[in-house]
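Single-structure report; data block below.
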Amino acid sequence: MSSQNVWNADLYDNKLSFVSLFGKGLVELLQPQPGERILDLGCGTGDLAYEISKSGAAVIGMDFSDQMIEKACAKYPQLTFMVGNGENFRTQEKYDAIFSNAALHWMKQAPKVIESVHLALKSGGRFVAEFGGKGNVQTIIKGITDILLEEYRIDSSNRNPWYFPSIGEYSTLLESYGFKVSLAQHYNRPTPLIDGDKGLNHWLDSFADDFFPEFTKEDQIILYKKIKEKVRPYLYQDNQWVADYKRIRVVAVKETIWD
Ligand code: BEZ
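Residue numbers are given in the working numbering: position 50 of the sequence shown equals residue 184, and the series is strictly consecutive.
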């Protein structure tokens with residue numbers, strides 16, 4: 135992955151817990167079965183891997199961030215977690231299903247991710263994923279890029295670390311690697327951020343490092359204030375920030391005649 139984002143596992147658990155809470159619906163779509171081998175790709179601090187494991191499936195969580203994996207191992211010592219890169223991982227034993235919540239938008243080389251997932255699945259195995267779709271957090275991105283340009287003369291157009299495809303684009307890619315796409319949805323999911331006026335600060339601190347490499351922590355305080363005033367008319371309601379999330383949800387099945 136090319137993102138230089140620095141992951142803070144404690145901030146993620148304390149102020150961004152909605153990520154896993156929203157992901158529980160995706161576990162229902164996965165319908166994990168006892169005895170299945172399931173990979174949670176981009177497992178973060180392991181909450182959804184744990185949810186999946188309640189079904190009796192054998193879950194392995196993988197994440198690019200060693201900070202996240204360290205915390206996942208501490209929270210759920212009974213589960214297996216490993217550091218790995220979604221863009222090029224390979225596995226010895228194949229999986230019945232690969233699950234991914236709120237992670238694939240960090241992996242800009244989507245064809246390489248899909249190839250890795252396809253190779254890691256058994257024939258008939260399913261890929262169940264949710265992540266940011268076309269237009270995701272576009273108000274926040276415009277607020278960041280406009281302020282960097284207007285106030286600091288920084289052109290940040292090539293700093294965006296995220297991949298937010300349309301369902302047409304993503305389904306076509308899945309099909310080109312031999313998946314049958316049985317579900318593809320693109321929907322708005324306005325997402326309230328925790329902690330009143332500080333909610334957007336936590337979000338920027340957790341996810342937006344790639345936009346601000348030259349800013350010290352002190353400079354960021356002023357920068358965040360400016361960004362917040364720019365986007366406040368669109369995203370601040372009733373003393374709460376509501377991020378303009380747009381999700382993609384896909385279920386795809388690996389169709390082969392034999393392995
Ligand atoms: C998301 O879950 O949509 C998201 C999270 C962090 C950065 C960008 C998008």
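Cβ atoms here follow ideal geometry from the backbone N, Cα and C, with glycine treated the same way.
Buried/exposed call for residue i, threshold 16 Cβ in 10 Å
{"i": "Y321", "result": "exposed"}
{"i": "I234", "result": "Here residue 234 is Ser; the residue named in the question, Ile, does not match the sequence. Flag for S234 reads buried."}
{"i": "K314", "result": "exposed"}
{"i": "N373", "result": "exposed"}
{"i": "G195", "result": "buried"}
{"i": "G218", "result": "buried"}
{"i": "L283", "result": "exposed"}
{"i": "L173", "result": "buried"}
{"i": "K388", "result": "buried"}
{"i": "R383", "result": "buried"}
{"i": "G119", "result": "The chain is shown only over 135 to 393; residue 119 falls outside these bounds and no answer can be derived."}
{"i": "I248", "result": "buried"}
{"i": "L164", "result": "buried"}
{"i": "S356", "result": "The residue you asked about is not Ser; residue 356 is Ile in the sequence shown. I356 should be labelled exposed."}
{"i": "L317", "result": "exposed"}
{"i": "E185", "result": "buried"}
Same chain only: Cβ atoms within 6 Å of residue i, ignoring 5 sequence neighbours per side
{"i": "S154", "result": "D181, L182"}
{"i": "S189", "result": "P166"}
{"i": "M216", "result": "M196"}
{"i": "S199", "result": "W141"}
{"i": "T214", "result": "I194"}
{"i": "T279", "result": "S290"}
Residue j beta carbon less than 7 Å from that of residue i
{"i": "E221", "j": "K246", "result": "yes"}
{"i": "L334", "j": "K362", "result": "yes"}
{"i": "K364", "j": "G269", "result": "no"}
{"i": "A92", "j": "F261", "result": "Residue 92 is absent from the model: the chain starts at 135 and stops at 393."}
{"i": "Y379", "j": "R323", "result": "yes"}
{"i": "T273", "j": "Y368", "result": "yes"}
{"i": "D230", "j": "R287", "result": "no"}
Contact set for residue i: own chain, Cβ-Cβ below 7 Å, skip 5 residues either direction
{"i": "T179", "result": "A143, Y146, D147, M202, K205, A206, K209"}
{"i": "S340", "result": "N142, L145, Y146, L150"}
{"i": "T325", "result": "F152, V376, A377, Y379"}
{"i": "M241", "result": "M135, G220, E221, V247, Y297"}
{"i": "E309", "result": "V315"}
{"i": "F349", "result": "L357"}
{"i": "D329", "result": "K149, H336"}
{"i": "Y311", "result": "I248, E249, H252"}
{"i": "S187", "result": "V193, L213"}
Contacting residues, own chain, Cβ-Cβ under 8 Å from residue i (five flanking each side not counted)
{"i": "A244", "result": "L238, Y297, P299, Y304, L307"}
{"i": "S250", "result": "G220, E221, N222, F223, R224"}
Supposed contact pair residue j and residue i - C-beta distance, whole angstroms, cut 8 Å
{"i": "A254", "j": "K228", "result": "6 Å"}
{"i": "R381", "j": "G259", "result": "Not confirmed; about 23 Å, so no contact."}
{"i": "Q212", "j": "D343", "result": "Going by Cβ atoms, the distance from Q212 to D343 rounds to 32 Å, so no, they are not a contact pair."}
{"i": "E264", "j": "L175", "result": "With a Cβ gap of about 12 Å, E264 and L175 do not count as contacting."}
{"i": "F345", "j": "Q354", "result": "About 10 Å; that fails the 8 Å criterion."}
For the pair the region 325-339 and the region 289-301, tell me if three or more CB-CB distances fall below 8 Å. no
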